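Q: Chains as they are written, first to last, in our numbering: chain A, 36 to 242; chain B, 5 to 207; chain C, 46 to 226.
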Amino acid sequence: MSGHGIRRGIATLVTLAVIAPTLSAQGNDPLAKLDSASRRVVQALIDSAKTEGLPDQPLVSKAQEGVSKHAAGPLIARVVRTVFLSLREARAVLGERANRDELTAGAAALQAGIPATAIIDLRQAGHGKSITVPLVVMADLVSRGVPRDTASRAILQLWMQGAGEADLMGLSQSVGQDILSGAAPADALLSRARKVPIRLPPAKVPE
Amino acid sequence: MTESDLAPRDPDIEWIAREAKRPVALSTGLRARIMDAVRATPLPARPRRGLGWLVSPRPLALSPLGTSLLAAGLVGIGVLVGLAVTHDGESPAAPVPTVASATTHQDAPSVLVHEFVLQAPNAAHVSLVGDFNGWNAAATPMTRTDDGKWIVKVPLPAGRHVYAFEVDGAGGTKFMPDPDGLRAPDDGFGPSSVVLVGQGSST
Amino acid sequence: MTDDAADVRRVLSGDVDAYAALVDRYYEQCARYAVRMLGNRDDAEDALQATFLRAYRALGKYQERDKFSAWLYRILVNQCRSLAARRSQRERVFVREEALLLNATDERASPGWSGEDEEFVQRVLSELDPLLREAFLLKYIEELSYEEMSALTGVGVSALKMRVKRASDRLRERWERIKHD
Chain A
36 MSGHGIRRGI ATLVTLAVIA PTLSAQGNDP LAKLDSASRR VVQALIDSAK
86 TEGLPDQPLV SKAQEGVSKH AAGPLIARVV RTVFLSLREA RAVLGERANR
136 DELTAGAAAL QAGIPATAII DLRQAGHGKS ITVPLVVMAD LVSRGVPRDT
186 ASRAILQLWM QGAGEADLMG LSQSVGQDIL SGAAPADALL SRARKVPIRL
236 PPAKVPE
Chain B
5 MTESDLAPRD PDIEWIAREA KRPVALSTGL RARIMDAVRA TPLPARPRRG
55 LGWLVSPRPL ALSPLGTSLL AAGLVGIGVL VGLAVTHDGE SPAAPVPTVA
105 SATTHQDAPS VLVHEFVLQA PNAAHVSLVG DFNGWNAAAT PMTRTDDGKW
155 IVKVPLPAGR HVYAFEVDGA GGTKFMPDPD GLRAPDDGFG PSSVVLVGQG
205 SST
Chain C
46 MTDDAADVRR VLSGDVDAYA ALVDRYYEQC ARYAVRMLGN RDDAEDALQA
96 TFLRAYRALG KYQERDKFSA WLYRILVNQC RSLAARRSQR ERVFVREEAL
146 LLNATDERAS PGWSGEDEEF VQRVLSELDP LLREAFLLKY IEELSYEEMS
196 ALTGVGVSAL KMRVKRASDR LRERWERIKH D
């Protein structure tokens, strides 16, 4: 099998795609393909984001996604605006010290309908750690059909009990599989959540 | 006296109307909640009339200008309909962009290599698209292995990235999320996936 | 066929996701009307949700020869009316923070914009009698013709013209007083 292994090795090297954003930018305008009215709206949103200290790259990416997927200009403008407003709301909810991934994950969670109170609770649950992972997992579960309140309560509880990031991501994975196999989303989450190991020493588990 | 003017002639009223025309923003989760409620509702009953409802009336659609103005929230429904023009056929698809964007890094995050895999034995071609390559299908083509898997390894800064696969198959080209990945909520362009590069260590 | 009619047909044949396209197309216009009419975010959100749900349930009754926007707005206007009636007891005050929250980016917004103007306009609008406010919004914000307004509200054209005129007079009066304060 060594010959096959070597061929696989070479294939792997060859497929290592180098993404160097500064190289591939080539000075082209990512919004060039938008119609002028939509482009003005998107540009204004990007400018506002910069003014307010919000990340603007997610807005650019969202516009590019729309163009790539052949969405109409006005729809792209609408979607970018929703992302902008979600980022603003995420910052209001997460606070000034939120890192960029928390903001984008928080914005996505809000757009998915996760209540702001759930996100605030997550932040206040302590550990001082970034809450990007639980936010992404909440949004993932809701996107798969788990009711929002069930998802946010379960993930909040697990997070407070010290569930690890890998455990939470694994939870999403297995819940996704269960749903594809026909389980009801809420049931799938609750039964898998019970199996997530609690890592805090017993004294720290909140009542 | 005709009321065909849409704009009020009094400058004070005109100013008030202009302010009132500013777009508003409600909670960003509201749209999701509305669609949830819709999905929980049984399908609306079809009309029980005869075949009359199948006959299409004169075709009308919003002109590109009309739809742009609607998106910008600058005009009302009445004006939009006035801008409607007749056309048959769909508007042409926007051409695909050819470059990735320049990313702005606040600090220099560590760069890790992440492998993306899609099981698609019947696909003629698969590309990886995402926020790291400007959603440009030409930037990151994937390679097919003997067992029908498409793979590519990409150096990415640690953190959250949104992505999808562009798949060319028998039915044409379509975008699909990663069946094995975390889901990003659909905000209007269809479902995508999220990857957290460099995450996944336990506490 | 309009996009609207095509989407309605899709929904009626079982494609619920096509309804999302309809919602997207009219969401912002309806949101703006609801906020201006009801004066606060919470009520507007309730009205929007009720409108789109009701429209969904009644889709089978939509006739393609009608404009979908007019059909939808009839529902929206009625939802706003009944919500206002239910909540007439507590008069909500529209505050500066609401204005800032509500204002989405407008490329015409100047750097010095602080929400005062929009707050003022919303305040004076909220002071109007609801029927006058409704007529004013439909004429000058939604830019409907009097015939369309009449079909939508069921009120006669001359009565609507009177309401719009009265609304404009009252608004002008308020504006004059504010200017001289």
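Quick reminder that beta carbons are idealized off the backbone N, C-alpha and C, glycines included. In this text, all values refer to a predicted model and were calculated from it rather than measured experimentally.
Report yes or no: do three or more beta-carbon pairs, one from the segment 161-178 of chain C and one from the segment 91-101 of chain C, lie closer than 8 Å?
A: The segment 161-178 of chain C vs the segment 91-101 of chain C: no contact.
Q: Is the CB of Leu110/A under 8 Å away from at least one CB in chain C?
A: Residue 110/A sits at position 75 when you count from the first residue of the first sequence. True, the Cβ-Cβ gap to chain C drops below 8 Å.
Q: Can you name the start and end residues of the alpha helix (DSSP H) that Glu109/C belongs to?
A: The residue you call residue 109/C lines up with position 64 of the third sequence. It is not in any alpha helix (DSSP H) - Glu109/C carries neither H nor E in the DSSP assignment.
Q: With 8 Å as the threshold, decide whether the Cβ of Ser159/C is near any Cβ in chain B.
A: Against the third sequence, residue 159/C aligns to sequence position 114. Per-residue confidence for Ser159/C stands at a pLDDT of 47, beneath the threshold of 50, marking its modelled position as unreliable; the derived number appears in the next sentence. Not closer than 8 Å to any Cβ of chain B, the Cβ of Ser159/C fails to qualify, so no.
Q: Identify, in the order they occur along the chain, each residue of the same chain with its Cβ nearer than 8 Å to the Cβ of Ser114/B, setting aside the five sequence neighbours on each side.
A: As a working note, residue 114/B is residue 110 in the second sequence. Hits under 8 Å: Pro161, Ala162, Gly202.
Q: Just the C-alpha distance for Gly59/C and Leu47/B, rounded to the nearest angstrom, thanks.
A: Here residue 59/C refers to the residue found at position 14 of the third sequence. Here residue 47/B refers to the residue found at position 43 of the second sequence. Approximately 7 Å between the Cα atoms of the pair.
Q: Enumerated in chain order, which unbroken segments of the alpha helix (DSSP H) with a length of 4 residues or greater are wholly contained in the segment 74-112 of chain A?
A: Entirely contained in the segment 74-112 of chain A, the alpha helix (DSSP H) runs reaching 4 residues are, in chain order, 92-103.
Q: What does DSSP give as the partner residues of Tyr78/C in its beta bridges?
A: In the third sequence, counting from the first residue as 1, residue 78/C sits at position 33. Tyr78/C is not bridged to any residue.
Q: Using CA atoms only, rank isn't needed, just tell me which of Met146/B, Asp40/B, His165/B is closest to Leu116/B.
A: Your numbering for residue 116/B matches position 112 in the second sequence. Nearest C-alpha to Leu116/B: His165/B.
Q: Could you tell me which whole alpha helix (DSSP H) segments of length 4 or greater appear in the segment 134-159 of chain A?
A: Those alpha helix (DSSP H) runs which fall completely within the segment 134-159 of chain A and span 4+ residues are 135-146, 151-159.
Q: Between which residues of its own chain and Ser187/A is the CB-CB distance below 6 Å, once the five residues before and five after are set aside?
A: Locating residue 187/A in the first sequence gives position 152, where the first residue counts as 1. Same-chain partners within the cutoff: Ile149, Ala153, Met173.
Q: Can you check which of these residues, Ala160/A, Ser207/A, Gly180/A, is closest to Ala147/A by C-alpha distance?
A: Taking the first sequence and counting its residues from 1, the one referred to as residue 147/A is at position 112. Cα-wise, what sits closest to Ala147/A is Gly180/A.
Q: Find the nearest neighbour of Glu193/C within the set Ser127/C, Arg126/C, Arg119/C, judged by alpha-carbon distance.
A: In the third sequence, residue 193/C corresponds to position 148, counting from 1. Looking at the Cα atoms, Arg119/C is the closest of the given residues.
Q: Who are the near neighbours of Pro182/A in its chain, counting only those whose CB is closer than 8 Å to its CB and skipping five residues on each side?
A: Start at 1 with the first residue of the first sequence, and residue 182/A comes out as number 147. These residues qualify, in order along the chain: Pro220, Ala221.
Q: Name the residues in the segment 76-98 of chain C whose C-beta lies less than 8 Å from a C-beta of chain B; which are they?
A: Going along the segment 76-98 of chain C in chain order, one finds Ala76, Arg77, Val80, Arg81, Arg86, Ala89, Glu90, Leu93, Gln94, Phe97, Leu98 with a Cβ nearer than 8 Å to chain B.
Q: Hey, Leu186/B and Ser216/A are a contact pair by Cβ (cut 8 Å); roughly how many whole angstroms apart?
A: Taking the second sequence and counting its residues from 1, the one referred to as residue 186/B is at position 182. Taking the first sequence and counting its residues from 1, the one referred to as residue 216/A is at position 181. Not confirmed; about 18 Å, so no contact.
Q: Where does Lys157/B sit, in a helix, a strand or coil, going by DSSP?
A: As a first step, residue 157/B must be located in the second sequence, where it is residue number 153. It is a strand residue.
Q: So, for Ala151/A: in the same chain, excluding its five sequence neighbours on each side, which residues have a beta-carbon less than 6 Å away from its beta-carbon?
A: Reading the first sequence from its first residue, position 116 is the one you call residue 151/A. Correct list, in chain order: Val128.
Q: Return the chain-ordered list of same chain residues with a C-beta closer than 8 Å to the C-beta of Ala24/B, the five sequence neighbours on each side being excluded.
A: The sequence position of residue 24/B within the second sequence is 20, counting from 1. Correct list: empty, nothing qualifies.
Q: When you compare the CB of Asp69/C with every CB in chain A, is at least one pair closer than 8 Å?
A: Taking the first residue of the third sequence as position 1, residue 69/C is located at position 24. So yes, Asp69/C belongs to the interface.
Q: Against chain C, with Cβ distances strictly below 8 Å, would Arg113/A count as a contact?
A: Mapped onto the first sequence, residue 113/A falls at position 78. For Arg113/A, the answer is yes, since a Cβ of chain C falls inside 8 Å of its Cβ.
Q: Determine, using beta-carbon pairs with one atom in the segment 130-139 of chain B and one in the segment 83-99 of chain A, whether at least three such pairs fall under 8 Å.
A: Yes, the segment 130-139 of chain B touches the segment 83-99 of chain A.
Q: Using a Cβ-Cβ cut-off of less than 7 Å, list which residues of the segment 16-35 of chain B approach chain C; keep chain order.
A: Cβ contacts with chain C: Asp16, Ile17, Ile20, Ala21, Glu23, Ala24, Lys25, Arg26, Pro27, Val28, Ala29, Leu30, Ser31, Leu34, Arg35.
Q: DSSP on Arg179/A, reduced to helix/strand/coil?
A: Position 144 of the first sequence, counted from the first residue, corresponds to residue 179/A. Three-state DSSP puts Arg179/A in coil, outside helix and strand.
Q: Is Ala188/B helix, strand or coil by DSSP?
A: Within the second sequence, numbered from 1, the residue matching residue 188/B stands at position 184. Correct three-state label for Ala188/B: strand.
Q: Measuring alpha carbon to alpha carbon, tell me which of Arg116/A, Gln159/A, Val171/A ends up nearest Gly141/A.
A: On the first sequence, position 106 is the one that residue 141/A refers to. Nearest option by C-alpha distance: Val171/A.
Q: Strictly below 8 Å CB to CB, what residues from chain C border Pro48/B?
A: Translated into the one-based positions of the second sequence, residue 48/B becomes position 44. Near Pro48/B (Cβ distances below 8 Å), the residues of chain C are Val56, Leu57, Tyr101, Arg102, Ala103, Leu104, Gly105.
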